[in-house]
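Asks: Got a structure here, written out as structure tokens. Questions coming.
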Amino acid sequence: MRIFCIANQKGGVGKTTTTVNLAAGLAQVGQRVLVVDLDPQGNATMGSGVDKRALALSVYDVLLESASVAEARQRSVADYDVLGANRELAGAEVELVKLERRERRLKLALAAAEADYDFVLIDCPPSLSLLTLNGLCAAHGVVVPMQCEYFALEGLSDLVNTIKQVHANLNPELKLIGLLRVMFDPRITLQQQVAEQLKAHFGDKVFNTVIPRNVRLAEAPSYGQPGVTFDPASKGAQAFVEFAREMVLRVG
Ligand code: ADP
Ligand code: MG
1166 MRIFCIANQK
1176 GGVGKTTTTV
1186 NLAAGLAQVG
1196 QRVLVVDLDP
1206 QGNATMGSGV
1216 DKRALALSVY
1226 DVLLESASVA
1236 EARQRSVADY
1246 DVLGANRELA
1256 GAEVELVKLE
1266 RRERRLKLAL
1276 AAAEADYDFV
1286 LIDCPPSLSL
1296 LTLNGLCAAH
1306 GVVVPMQCEY
1316 FALEGLSDLV
1326 NTIKQVHANL
1336 NPELKLIGLL
1346 RVMFDPRITL
1356 QQQVAEQLKA
1366 HFGDKVFNTV
1376 IPRNVRLAEA
1386 PSYGQPGVTF
1396 DPASKGAQAF
1406 VEFAREMVLR
1416 VG
């Protein structure tokens, strides 16, 4: 079982879209996948076709050790499992602070589900909170979705530093797996330039697959599905299936 955080401390950069579509793509190429929604907004939960308002048990209960992964998981519409989240998770932050092993709760819970999955994908909130820290402590690596904009690299050094610190102090297995260029529009010259600069600067830390800006990916969540199953023929869906294959080759 390989565990990855999908992280970037900026909001709206494509973390959740990457999480659910990579999960659906991996499922399509035969991998057993669990998505962990660590964002109290619950977008990965809803975007997987699981109603966040109807969760009897969620990742909140798992973090507080009142439920196991096996008890709290739901089945998505796209052949992967989901450990869902909703607003209740925002309270976990405060409750965890006073508990022992507060940053290792998710790691311990996932260890009990080791035999059930090939990949675990953790959708992180846009902050370096105790929730994100639980994700980073549990993970083997981090996948960073980023838009090819002028300020794309700003904030990246904070994330890279956090990864280094967690690696040094809490989780020696953690590493940066790669940067994924998302919402790419080849007609915009600046985006082409930034995409090439990223590749030149970070080399093989940049995934070869590029995810295009594609309206079907943006429409899919309102139908409670990842784009990969909502419109498999769309450019966005095809790019995510290709990305799933690249992930399997790189880390599988
Ligand atoms: P985050 O989880 O980082 O906040 P999201 O995945 O929710 O970001 O994406 C932010 C918005 O951009 C959403 O409305 C989403 O549907 C849209 N979006 C993400 N990726 C794409 C894409 N490749 N093409 C078009 N829209 C996208
Ligand atoms: Mg999100």
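Per my numbering, the very first residue in the sequence shown carries number 1166; after that it's consecutive.
Just so it is clear, CB atoms sit at the ideal spot from N, CA and C, and this is done for glycine as well.
Just grab the DSSP bridge partners of lysine 1175 for me.
Replies: Position 10 of the sequence shown holds residue 1175. Its beta-bridge partners do not exist; DSSP assigns none.
Asks: Should asparagine 1173 be listed as close to ligand 2, given that the test is whether its C-beta is under 7 Å from any heavy atom?
Replies: Within the sequence shown, the letter at position 8 stands for residue 1173. False, no ligand heavy atom lies under 7 Å from that Cβ.
Asks: Give the range of the alpha helix (DSSP H) segment to which asparagine 1373 is assigned.
Replies: Along the sequence shown, read from residue 1 onward, the residue named residue 1373 stands at position 208. Looking at the DSSP string, asparagine 1373 is not in any alpha helix (DSSP H); the run it does join, the beta strand (DSSP E), is 1371-1377.
Asks: Within the chosen definition, does the segment 1309-1316 reach the segment 1344-1355 through at least 3 CB pairs nearer than 8 Å?
Replies: Yes: the two stretches touch, three or more of their Cβ pairs being nearer than 8 Å.
Asks: Could you tell me the distance, in whole angstroms, from the CA atom of serine 1294 to the CA atom of glutamate 1258?
Replies: Along the sequence shown, read from residue 1 onward, the residue named residue 1294 stands at position 129. Along the sequence shown, read from residue 1 onward, the residue named residue 1258 stands at position 93. Rounded to the nearest angstrom, the two C-alpha atoms are 8 Å apart.
Asks: Are glycine 1401 and methionine 1211 close, meaning C-beta to C-beta below 8 Å?
Replies: Counting from 1 along the sequence shown, the entry for residue 1401 is found at position 236. Counting from 1 along the sequence shown, the entry for residue 1211 is found at position 46. No, these two residues do not count as a Cβ contact at 8 Å.
Asks: Using a threshold of 8 Å, state whether the C-beta atoms of alanine 1172 and cysteine 1289 are closer than that.
Replies: As a position in the sequence shown, residue 1172 is number 7, starting the count at 1. As a position in the sequence shown, residue 1289 is number 124, starting the count at 1. In this structure, cysteine 1289 lies closer than 8 Å to alanine 1172 by Cβ.
Asks: Thinking C-alpha only, which one of Ala1280, Gln1239, Leu1203 and Val1247 is nearest leucine 1228?
Replies: Start at 1 with the first residue of the sequence shown, and residue 1228 comes out as number 63. Ranking the options by Cα distance to leucine 1228, first place goes to Leu1203.
Asks: With respect to 7 Å, is the separation between the Cβ of threonine 1210 and the closest non-hydrogen atom of ligand 1 below this value?
Replies: Locating residue 1210 in the sequence shown gives position 45, where the first residue counts as 1. Because no heavy atom of ligand 1 lies under 7 Å away, the Cβ of threonine 1210 does not count as near it: no.
Asks: Is any non-hydrogen atom of ligand 3 found closer than 7 Å to the C-beta of arginine 1352, if you look at the structure I gave you?
Replies: Judged by which ligands are present, ligand 3 is missing from the structure shown, whose ligands are ligand 1 and ligand 2.
Asks: Just the Cα atoms here: how many angstroms apart are glycine 1417 and alanine 1409?
Replies: Here residue 1417 is taken as the residue at index 252 of the sequence shown, counted from 1. Here residue 1409 is taken as the residue at index 244 of the sequence shown, counted from 1. Approximately 10 Å between the Cα atoms of the pair.
Asks: When the Cα atoms are used, what is the spatial distance from phenylalanine 1395 to alanine 1188?
Replies: For the purposes of this step, residue 1395 is taken as residue 230 along the sequence shown, with counting starting at 1. For the purposes of this step, residue 1188 is taken as residue 23 along the sequence shown, with counting starting at 1. Their backbone Cα atoms lie some 14 Å apart in a straight line.
Asks: Would you kindly report the start and end of the unbroken alpha helix (DSSP H) that includes phenylalanine 1316?
Replies: Along the sequence shown, one-based indexing puts residue 1316 at 151. Run containing phenylalanine 1316: none; DSSP gives neither H nor E here.
Asks: If you draw a straight line from the alpha carbon of arginine 1167 to that of leucine 1261, how long is it in whole angstroms?
Replies: As a position in the sequence shown, residue 1167 is number 2, starting the count at 1. As a position in the sequence shown, residue 1261 is number 96, starting the count at 1. Each residue's Cα considered, the two are about 25 Å apart.
Asks: Among Ala1232, Val1247 and Ser1233, which residue has its Cα nearest to the Cα of glutamine 1239?
Replies: The sequence position of residue 1239 within the sequence shown is 74, counting from 1. Measuring from the Cα of glutamine 1239, the nearest candidate turns out to be Val1247.
Asks: Indicate whether proline 1291 and glutamine 1174 have their beta-carbon atoms separated by less than 8 Å.
Replies: Position 126 of the sequence shown, counted from the first residue, corresponds to residue 1291. Position 9 of the sequence shown, counted from the first residue, corresponds to residue 1174. Taking 8 Å as the Cβ cut-off, proline 1291 and glutamine 1174 qualify as a contacting pair.
Asks: Between which two residues does the beta strand (DSSP E) containing glycine 1343 stretch?
Replies: Position 178 of the sequence shown, counted from the start, is the residue given in the question as residue 1343. Looking at the DSSP string, the run of the beta strand (DSSP E) that includes glycine 1343 is 1340-1349.
Asks: Just to confirm, are phenylalanine 1169 and isoleucine 1353 a CB contact at a threshold of 8 Å?
Replies: Against the sequence shown, residue 1169 aligns to sequence position 4. Against the sequence shown, residue 1353 aligns to sequence position 188. No, the pair does not count as a contact, with Cβ atoms beyond the cut-off.
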